[in-house]
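Colleague: The structure that follows is given in the form of structure tokens.
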Amino acid sequence: MVIETNKAGISYSCKELKNNFKIANDLGKIDVDVPSNSDFVLNTKRSIGGINNDFDSDGKNSSRNINEKIGDGKYMVDISTNIGEININKK
1212 MVIETNKAGI SYSCKELKNN FKIANDLGKI DVDVPSNSDF VLNTKRSIGG
1262 INNDFDSDGK NSSRNINEKI GDGKYMVDIS TNIGEININK K
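FYI, in the numbering used here the residues of the sequence shown are 1212 to 1302.
If you want it as structure tokens, here you go:
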């Protein structure tokens, strides 16, 4: 699944993670709710704005990006924005 926009915030709530997904925008906040028992690889990229991640972090993280395996890493979750905050919330 792919969700993309240029100048708007994105809010996505996942009841059960069953597939890879990508969320991208150019300008605006991204909020993603993911079940706490999910298995995925999280990749985030941003130029300006903060990243808030409710999942334990043990991967390769920089001040602008996160690359980490959550659980077994079964699915890929890619989230990116040029300007805006990224929030990954346990649900």
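Here a beta-carbon is modelled for each residue, glycine too, at the ideal position from N, C-alpha and C.
Would K1240 and G1295 be called neighbours here (beta carbons separated by less than 7 angstroms)?
Modeller: Taking the sequence shown and counting its residues from 1, one reaches residue 1240 at position 29. Taking the sequence shown and counting its residues from 1, one reaches residue 1295 at position 84. Yes; because the gap between Cβ atoms is below 7 angstroms, this pair is in contact.
Colleague: Per DSSP, S1249 forms a beta bridge with which residues?
Modeller: For the purposes of this step, residue 1249 is identified with residue 38 of the sequence shown, where counting begins at 1. In DSSP, S1249 forms no bridge with anything.
Colleague: List the DSSP bridge partners of D1242.
Modeller: Position 31 of the sequence shown, counting from 1, holds the residue named residue 1242. Per DSSP, S1222, N1298.
Colleague: Given I1234, which residues of its chain have a CB within under 7 angstroms of its CB, disregarding the five upstream and five downstream residues?
Modeller: Your numbering for residue 1234 matches position 23 in the sequence shown. So the qualifying residues of the chain are I1214, I1221, Y1223, I1241, V1243, I1290.
Colleague: Give the C-beta separation of F1251 and I1299 to the nearest angstrom, bearing in mind that I take them to be a contact with Cβ-Cβ under 8 angstroms.
Modeller: The residue you call residue 1251 lines up with position 40 of the sequence shown. The residue you call residue 1299 lines up with position 88 of the sequence shown. Actually they are not in contact, since the Cβ atoms of F1251 and I1299 sit about 10 angstroms apart, beyond 8 angstroms.
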